[in-house]
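Below is one structure; the comments refer to it alone.
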Ligand code: AHR
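Okay, structure coming up:
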């Protein structure tokens with residue numbers, strides 16, 4: 006059974022399940038510390054105390070500070086802002102790192118430029134969250150020629166030679182999509198909805214792994230479910246503003262024939278929900294009574310609040326807190342260890358319909374967590 010969140014992924018890594026030949030932590034069974042336990046904040050952890058908490062459990066660098074060039078995609082979503090906070094807290098000077106952080110403002114050309122600057126500066130390691138999958142071969146070859154190891158996280162790069170990067174760690178975006186679709190399937194059965202289901206897909210940035218995986222899962226589910234119809238798919242670029250804009254266009258084209266809005270992240274879902282409500286549509290789970298069901302990904306604090314209040318039917322987690330685990334990967338590489346090349350993290354799924362506690366995909370079972378205010382209060386992003 007695959008359950009659990011990012012912290013368990015870190016812990017999994019510590020137990021050397023995901024890595025070969027090395028162990029990051031030596032934590033006796035049953036004594037696994039949870040650095041975020043009991044943390045209650047407003048939306049983001051910008052205060053000092055929170056930064057300290059986020060930096061807990063990092064692997065500190067001993068000796069000369071390591072210079073890390075980190076290319077971040079932008080600040081398009083709550084997820085992304087949390088991800089930035091996490092890496093900045095982990096790679097702090099107090100922890101022995103000199104972080105050169107670059108925000109590419111959602112443009113691959115800026116990321117390519119940043120990577121070349123990191124190479125010119127001869128940084129010790131490059132860390133990259135790639136905006137889209139393609140177009141990285143040349144710059145990664147340049148990094149290899151310069152002898153700089155590259156760690157890729159969150160989204161993937163599609164390169165001819167996977168040896169161009171040392172490690173990738175991130176989500177199984179296709180599985181996230183499959184879990185969302187499977188939940189919808191179970192949900193429609195539970196509610197005895199027999200009519201045709203018209204779906205619109207508000208996609209993420211086209212070509213990003215998060216978009217590719219989530220869109221592909223929906224496409225497959227539509228093929229498998231004879232009464233599901235994909236009316237349209239259009240990119241909202243993972244932003245709230247664009248999510249609202251494209252929702253407006255979709256309403257103009259399809260109006261109240263839409264039954265389900267599959268939003269490929271929370272911010273686009275929030276933008277879409279606001280638009281739907283402002284145009285007089287009802288958002289919720291009662292499809293037979295004309296409500297529009299919204300599905301979302303990320304499970305950020307705001308996303309979960311809108312799940313608990315019924316605006317979002319199911320929210321499939323995508324974890325942004327990569328900072329600590331990235332420090333461990335850097336230290337493993339520094340120590341000459343060979344981390345596993347591709348590492349998937351475990352993620353959770355949240356809904357308020359307690360009758361669906363578990364979904365099954367192939368031979369695997371996944372828990373659907375019954376969302377509570379307590380879970381939301383424990384969310385730090
Ligand atoms: O790559 C992760 C995705 O990017 C998250 O789902 C989204 O919110 C972010 O912008």
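Residue numbers (my numbering): 6 to 386. Using N, Cα and C, we set each Cβ at its ideal position, and we do this for glycine too. In this text, all values refer to a predicted model and were calculated from it rather than measured experimentally.
In terms of Cα proximity to residue 125, the closest of 141, 107 and 147 is 147.
If you look at residue 107, you'll find it in the beta strand (DSSP E) that goes 102-108. Taken in chain order, the unbroken stretches of alpha helix (DSSP H) that lie wholly in the segment 180-255 and span 4 residues or more are 214-229. Counting only residues of its own chain and dropping the five nearest sequence neighbours on each side, residue 363 has a CB closer than 8 Å to the CB of 370, 371, 372 and 373.
One alpha carbon belongs to residue 205, the other to residue 317, and they sit about 15 Å apart.
Annotated three-state conformation of residue 111 is coil, per DSSP. A distance below 8 Å separates the beta carbons of residue 75 and residue 104. Nearest neighbour of residue 169 by Cα position, chosen from 175, 180, 157 and 177, turns out to be 157. Proximity to residue 283 across 250, 93 and 354 peaks at 250, based on C-alpha coordinates. Its Cα nearest to that of residue 308, the residue 276 stands out among 276, 286 and 164. Between residue 91 and residue 344, the C-beta gap is not smaller than 8 Å, which leaves the two residues out of contact.
Across the set 335, 336, 337 and 299, the C-alpha of 299 shows the shortest separation from the C-alpha of residue 319. If the five residues before and after residue 377 are omitted, its C-beta is found closer than 8 Å to the C-beta atoms of 313, all from its own chain and listed in chain order. In this structure, the C-beta of residue 215 approaches the ligand AHR to less than 7 Å from one of its heavy atoms. Within 7 Å of the C-beta of residue 82 there is at least one heavy atom belonging to the ligand AHR. For residue 295, the three-state secondary structure derived from DSSP is coil.
Judged by beta-carbon spacing, residue 207 lies beyond the 8 Å limit of residue 265, meaning their Cβ atoms are not closer than that value. Residue range 271-283 is occupied by the alpha helix (DSSP H) that includes residue 272.
The beta carbon of residue 234 is closer than 8 Å to those of 201, 202, 203, 204 and 227 in its chain, skipping five residues each way along the sequence. By the beta-carbon neighbour count (other beta carbons within 10 angstroms, threshold 16), residue 359 is exposed. Along the segment 319-353, the beta strand (DSSP E) occurs as fully enclosed runs of 3 or more residues at 347-349, listed in sequence order.
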